[in-house]
Amino acid sequence: MRLSTSQIFQQGINAILDQQAKLSKTQLQISTGQRINTPSDDPSGAVQILDFADQIATVEQYKRNGNAAKTQLQLEENVLTNMGSQLQRVRVLLVQGNNDVLSDADRQSIATELKGIRQQLLALGNSRDANGDYLFAGYQVNTQPFTFNGGSVQYNGDQGQRLVQLGPASQVAINDSGAELLLRIPEGNGQFTVAPNVANTGTAVVGQLTSTSSFVRDTYTLTFTQATPTDPITYQVVDSSAGVVASGTYQQGDSISFNGAQIDFTGTPANGDVFTATPASNNDLFSIVDSAIAALESPGQNSAEQAQFHSTINRALESIDNSVENILRVRTSIGVRLNTVDSQQNLNDDSLLQLQKLQSEVKDLDVAQAISELNFQQVALQAAQQAYVRVQGLSLFQLL
5 MRLSTSQIFQ QGINAILDQQ AKLSKTQLQI STGQRINTPS DDPSGAVQIL DFADQIATVE
65 QYKRNGNAAK TQLQLEENVL TNMGSQLQRV RVLLVQGNND VLSDADRQSI ATELKGIRQQ
125 LLALGNSRDA NGDYLFAGYQ VNTQPFTFNG GSVQYNGDQG QRLVQLGPAS QVAINDSGAE
185 LLLRIPEGNG QFTVAPNVAN TGTAVVGQLT STSSFVRDTY TLTFTQATPT DPITYQVVDS
245 SAGVVASGTY QQGDSISFNG AQIDFTGTPA NGDVFTATPA SNNDLFSIVD SAIAALESPG
305 QNSAEQAQFH STINRALESI DNSVENILRV RTSIGVRLNT VDSQQNLNDD SLLQLQKLQS
365 EVKDLDVAQA ISELNFQQVA LQAAQQAYVR VQGLSLFQLL
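The numbering used here puts the first residue of the sequence shown at 5, with every later residue one more than the last.
If you want it as structure tokens, here you go:
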């Protein structure tokens with residue numbers, strides 16, 4: 005086989021260039037610390053790197069979502085803590101105002117403080133987050149949830165709960181509806197409530213209400229009878245169909261039970277006094293406070309009116325207690341959601357670490373091995389250069 009001089013020279017140059025290219029590639033890998041710098045370095049590995057990058061970006065977004073959800077929930081919990089403190093103050097003031105030793109001026113002062121607390125509760129209900137979104141407006145984050153309209157508070161939001169994705173199969177609600185929080189407060193003991201007739205002339209005051217699982221929801225009318233001052237006080241309870249469900253004799257401080265319900269009384273009813281027990285409905289917190297304010301501003305002049313006043317305050321106290329329980333229930337739910345966020349964040353951290361490790365195994369360079377290859381390639385380049393020089397010197401003219 006014959007080789008021309010040009011072919012020999014070209015093969016030598018190609019060998020040198022090939023070794024230079026390998027050396028340059030290895031130098032680039034060492035300088036970047038990455039085994040794959042272009043897709044041509046390892047096409048299948050490059051695809052794996054892109055896939056890992058997408059998965060890592062998704063997990064990092066889940067982590068950002070979790071941080072935002074945690075911030076939002078902690079903000080809501082702080083607002084609810086303040087609400088709870090305000091309601092506890094309302095309860096203290098109502099207990100104070102329900103004391104007969106207070107004067108009308110004292111009760112007026114309590115009513116004035118309650119008006120201030122009502123405004124604070126309204127402001128808390130209209131709290132915003134760092135983005136200016138209303139916390140308790142549901143999906144209507146740009147709409148002020150609570151406004152005064154015609155002397156009463158109106159809710160302008162909806163029932164929605166915004167969800168944040170924490171993982172492939174994990175979501176968490178980051179807000180609560182203001183209607184659920186402040187407008188759906190059960191009256192009475194949550195099962196039924198009792199109100200005195202405005203025409204009552206006795207001093208009987210409705211106290212604690214209790215019920216059992218056998219309570220029959222209906223409207224009941226309790227009527228006290230005492231024909232003459234020397235006669236015993238009797239009572240009769242009828243349901244909505246006028247059927248008698250309970251009757252007996254009453255003495256001051258007695259409890260009256262019927263169909264799974266029990267009503268505690270203090271004071272002495274007059275002949276013909278009527279109390280109505282109805283299934284509990286929901287009321288809004290602001291109306292509850294307003295009714296207590298109105299009662300404190302007009303506590304009554306005679307014993308019958310004062311009995312009406314005490315019954316009204318007792319009903320308000322029950323509703324305030326229900327409001328506190330409702331806020332505690334929501335705070336408990338927030339605590340559960342915060343635990344969910346923390347648990348998912350831990351899973352996301354583990355997943356991110358694993359993905360980064362797998363990506364590193366494909367992408368990163370074994371520096372020790374690369375340096376060894378670099379030394380070998382330098383030797384190979386030098387050998388190719390020396391061989392080229394030796395071949396280039398082959399000529400018959402040197403023998404003449």
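Even for Gly, the Cβ is constructed at its ideal location relative to N, Cα and C.
Supposed contact pair residue j and residue i - C-beta distance, whole angstroms, cut 8 Å
| i | j | result |
| --- | --- | --- |
| A208 | F290 | Rounded, the Cβ-Cβ distance is 29 Å, inconsistent with contact. |
| L185 | V334 | 6 Å |
| G161 | G136 | G161 to G136, Cβ: 15 Å. No contact. |
| A73 | V340 | 13 Å between Cβ atoms; not a contact. |
| S355 | V176 | 17 Å between Cβ atoms; not a contact. |
| G129 | F150 | 4 Å |
Option nearest residue i by Cα separation, candidates the options
| i | options | result |
| --- | --- | --- |
| I260 | P236, F228, A274 | F228 |
| Y143 | P233, I178, Q100 | I178 |
| D353 | Q52, V51, R68 | R68 |
| P236 | G136, A284, T272 | T272 |
| S174 | S307, S355, Q348, Q78 | Q348 |
| E301 | T234, G101, Q78 | G101 |
| V248 | D258, P233, T225 | T225 |
| R166 | G155, S156, D180, G154 | D180 |
| T205 | V198, N275, Y159 | N275 |
| V145 | A308, G155, Y159, V96 | Y159 |
| A134 | Q78, F56, L106 | Q78 |
| A127 | V157, G257, V105, A109 | V157 |
| F313 | L54, D108, M87 | D108 |
| T357 | F56, P47, S48 | The residue you asked about is not Thr; residue 357 is Leu in the sequence shown. Nearest of F56, P47, S48 to L357, Cα basis: F56. |
Cβ-Cβ distance between residue i and residue j below 7 Å
| i | j | result |
| --- | --- | --- |
| A281 | S215 | no |
| A320 | A296 | yes |
| L125 | S131 | no |
| S315 | V210 | yes |
| D222 | D243 | yes |
| E117 | I338 | no |
| I292 | L98 | no |
| S327 | I189 | yes |
| L362 | I60 | no |
| N286 | V220 | no |
| D325 | L187 | no |
| P303 | R122 | no |
| E191 | A299 | no |
| T253 | T238 | yes |
| V168 | I267 | no |
Residue interval of the beta strand (DSSP E) (run including residue i)
| i | result |
| --- | --- |
| I237 | 237–242 |
| T151 | 150–153 |
| D108 | Where D108 is concerned, there is no enclosing beta strand (DSSP E), although the alpha helix (DSSP H) it sits in stretches over 108–129. |
| I267 | 265–270 |
| L213 | 209–215 |
| V202 | It is not in any beta strand (DSSP E) - V202 carries neither H nor E in the DSSP assignment. |
| Q158 | 156–159 |
| Q175 | 174–177 |
| Q256 | Careful: Q256 lies outside any beta strand (DSSP E) and carries neither H nor E. |
| A246 | Unbroken run through A246: none, as it is neither H nor E. |
| G171 | 167–171 |
| T223 | Premise fails: T223 is in no beta strand (DSSP E) and is neither H nor E. |
| T280 | 278–283 |
Proximity test, residue i beta-carbon vs the ligand NAD heavy atom, cut-off 6 Å
| i | result |
| --- | --- |
| L128 | In the structure on display, the ligand NAD does not appear, and there are no ligands present to speak of. |
With 16 other Cβ atoms within 10 Å as the buried cut-off, status of residue i
| i | result |
| --- | --- |
| N330 | buried |
| V51 | exposed |
| P200 | buried |
| F196 | buried |
| D58 | exposed |
| A231 | exposed |
| Q255 | exposed |
| N343 | exposed |
| Q76 | buried |
| N350 | exposed |
| L213 | buried |
| V94 | buried |
| L170 | buried |
| F279 | buried |
| F401 | In this prediction, F401 scores a pLDDT of 46, lower than 50, which makes its location untrustworthy; no coordinate-derived value is stated. |
| S323 | buried |
| N306 | exposed |
| S218 | exposed |
| V4 | A query on residue 4 cannot be resolved here, the shown segment of the chain reaching from 5 to 404 and no further. |
| D202 | Asp is not the amino acid found at residue 202; the sequence shown has Val there. Exposed. |
| L84 | buried |
Residue span of the alpha helix (DSSP H) that contains residue i, given as start and end
| i | result |
| --- | --- |
| I297 | 289–301 |
Chain D contact for residue i (CB, 7 Å cutoff)
| i | result |
| --- | --- |
| Q312 | Looking for chain D here will not work: only one protein chain is present. |
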